[in-house]
Structures are given as structure tokens and as C-alpha cells.
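> My questions will all concern the structure given below.
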Ligand code: GDP
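Numbering (this note's numbering), first residue to last: 565 to 882.
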């Protein structure tokens, strides 16, 4: 039996160790991780959780490196997490992410956690959420969660952050950039990256187009109308404006209480996800049920019973 963690002692567990516990499949490790997470709850209120998405090549890593350094220079502690379970880009290796964000990786006020290399999106998302709590407990007040703007992971990230930033390139339609309409609807700001050199004017006109397009969407529940801007991660142009926008958003959503309401709603979704996951796991891992399911599968193969009736019987017997 794993030793239960007492208040105070949990935070002495090294940050990296706690995250390893969260990511472990070992039941005792999971129990210990849950105890640590319980202690982390009151410590998470002061952070800002920011999701960053955009197609590969838009400049996410370069941008995170730029804004990360801007933020540590302002005295913040920044944690960078990635959620991209299907990525073969860096195969989740620490080296992969550290090479991508070399200066930030060497900043003592920044912590870069590579994306978990395997597992279902649900599993990876859960671990990322737990890692957010651990980083907050360890004193990181800004959490950047990176995702690739082409699939399901945006929805997962959106459900765990306060602010969602979409990075775009100038002069390419949404379709070309593989960005789904749903992602535009989720974002709180669009910034057109690579607004430098010959690309600056194109970026400016793209900004106007996106700004007009954003006005066509209804104002979201936050009451914040998403904005469009331009920046350059390479020259640092407007990186401070991105941060100003996030701060304005925070001020706005804290004053109308959306910030807290949204976090509560996210926690409720989490509660139900956990119940769903655990119910399923208990059912399928139950020894008697394993046998009963195998019998039911045989009946389906022999055409001797309907799937509906068998499913009802299995659940009634559980
Ligand atoms: P990611 O795949 O979205 O993480 O994109 P990266 O950060 O790896 O950047 C892809 C390429 O775009 C790299 O060659 C970067 O040097 C370049 N890049 C990123 N940001 C900028 C920028 O603001 N301006 C210019 N000109 N190039 C950039």
C-alpha cells in the first residue's frame, strides 16, 4: 500500500517525480498522485492557463519561446505542456521539445514538459490536466498548453484552459491552413504570425479579414469578443501585445465572473469524464464480466441473441 501523503510533505516531492506519478499506470502511483492532486486544488486559483494552436509550421514553438521569455522577464514562472498524442514530430522525447525551445528550456523560471508520447487522446488529456495542477502547485503561474490545429485535441485543450489563442499565417484561407471553423469559434484571439519582412503587409491585410470574419460569429458566453492581431515570433514584434490581450481578457472575465464559472464548468465535465472512464474500466476488468462478455460475443457470432438484449442482461448482472 502506498504511503498516504500528508499535507505539506507532498510539495516536497520533486515536480518531475510528481508528474511521473501522474503519468504512471501503476495503481499505487496513481493513488499517491491523486493525494498530491488533492492538496494542489487550493493552489491553482492564481494561474492563467493558455491554449495555443495552429497548423504545423505556423511558428508555435518559436512563439512559445518568445512569449515564454517575455513572461519570465516580467517575473512570471512559465510551464509549457504539449498535447499531441498522435504526433510523430518529436515522439514525446524531452530532447525533441528542448531543442525546439532551447533558450526557454535553459530559463530557470520556465519548465517544458514534452508531450506524452502515447495513449488515447482522453488519456493524454487527463494527464495534461493533472500536470497543469501540479505545475500550479509548484508555483508556475502561467501554463501554456500547445496543440496542433488539425484534429480533436483542440477541443480537449479548450476544455482545460482559460484563454485559447489561434496562430495563423497570412495569405492563406482557413481551408488551406486546415483550420476547422469550430476552432475559430473556440478561440479568444487570432494572431497572424510571421508579420515581418516582406510578409508584414500581407499580415496586416489578413488581420483585417480575420477581424471582419470574427465579427460574424455571435459573442461567446465569456462576453469577450475575440480579437485579431499580428505578431512575429522571430523579431518579437507585438509579443507584448499578445500578452496585453490575454491580460485584458483575464480582467474582463474575472470581473464578470466568467473565469471562475468556466473553471467550475470544466471541473464538472472532468468529474463526469472520470465517472465514465472508471465505470467502464471497472465493468470491463471484472473477471466475471469478462467471461459473460465472451459468452455474449459467442451468442452474437452464432446469431442466437440480439445485441440489445445481451447488453441489457450484462449490465443487469453486473
Ligand atoms: P510549429 O510547427 O508551429 O511549432 O512552428 P515552428 O516554431 O517550428 O516554426 C516553423 C518555421 O517557421 C521555423 O523555420 C521558424 O524559424 C519559422 N518561424 C516561426 N516564427 C516565425 C516568425 O515570426 N517569422 C518568420 N519569418 N519565421 C518564423
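Ideal placement from N, C-alpha and C gives every residue a C-beta, glycine not left out.
Quick test of your reading: residue 725 and residue 709, contact by CB under 8 Å. State the CB separation rounded to the nearest angstrom.
Right, their Cβ atoms sit about 6 Å apart.
> Comparing C-alpha positions only, which one of 614, 590 and 696 sits nearest to residue 604?
Closest option to residue 604, Cα to Cα, is 696.
> Give the straight-line distance between the Cα atoms of residue 647 and residue 616, rounded to the nearest whole angstrom.
Straight-line Cα distance between these residues: approximately 10 Å.
> In angstroms, rounded to a whole number, what distance separates the CA positions of residue 822 and residue 792?
Residue 822 and residue 792: Cα-Cα distance of roughly 21 Å.
> Which of the three DSSP states, helix, strand or coil, is assigned to residue 619?
Of the three classes helix, strand and coil, the one that applies to residue 619 here is coil, per DSSP.
> With a threshold of 8 Å, establish whether the CB of residue 755 neighbours any heavy atom of the ligand GDP.
No.
> I need the boundaries of the beta strand (DSSP E) containing residue 792, first residue and last residue.
Run containing residue 792: 791 to 794, per the beta strand (DSSP E) assignment.
> So, for residue 878: in the same chain, excluding its five sequence neighbours on each side, which residues have a beta-carbon less than 8 Å away from its beta-carbon?
Hits under 8 Å: 853, 856, 857 and 860.
> With residue 727 as the anchor, note down where its beta strand (DSSP E) starts and where it stops.
Residues 727 to 732.
> Take residue 692 as the anchor and find which of 718, 671 and 670 has the nearest alpha-carbon.
Ranking 718, 671 and 670 by Cα distance to residue 692 puts 718 first.
> How many angstroms separate the CA atom of residue 629 from the CA atom of residue 606?
Their Cα atoms are separated by approximately 29 Å.
> So, for residue 635: in the same chain, excluding its five sequence neighbours on each side, which residues have a beta-carbon less than 6 Å away from its beta-carbon?
Closer than 6 Å at Cβ, skipping near neighbours: 642 and 706.
> Below 8 Å on the Cβ atoms is my contact criterion, and I expect residue 591 with residue 806 to pass it. Report the Cβ-Cβ distance as a whole number of Å.
Actually they do not touch by this definition, with Cβ atoms about 42 Å apart.
> Looking at the unbroken beta strand (DSSP E) that takes in residue 645, where does it start and where does it end?
Counting along the chain, the beta strand (DSSP E) containing residue 645 begins and ends at 642 to 646.
> Using 8 Å as the threshold, is the stretch 774 to 785 in touch with the stretch 758 to 766, meaning 3 or more CB pairs across them?
No, because fewer than three Cβ pairs between the stretch 774 to 785 and the stretch 758 to 766 fall closer than 8 Å, the two stretches do not touch.
> Rounded to the nearest angstrom, how far is the Cβ of residue 758 from that of residue 796, given a contact under 8 Å?
So it is a contact: roughly 6 Å between Cβ atoms.
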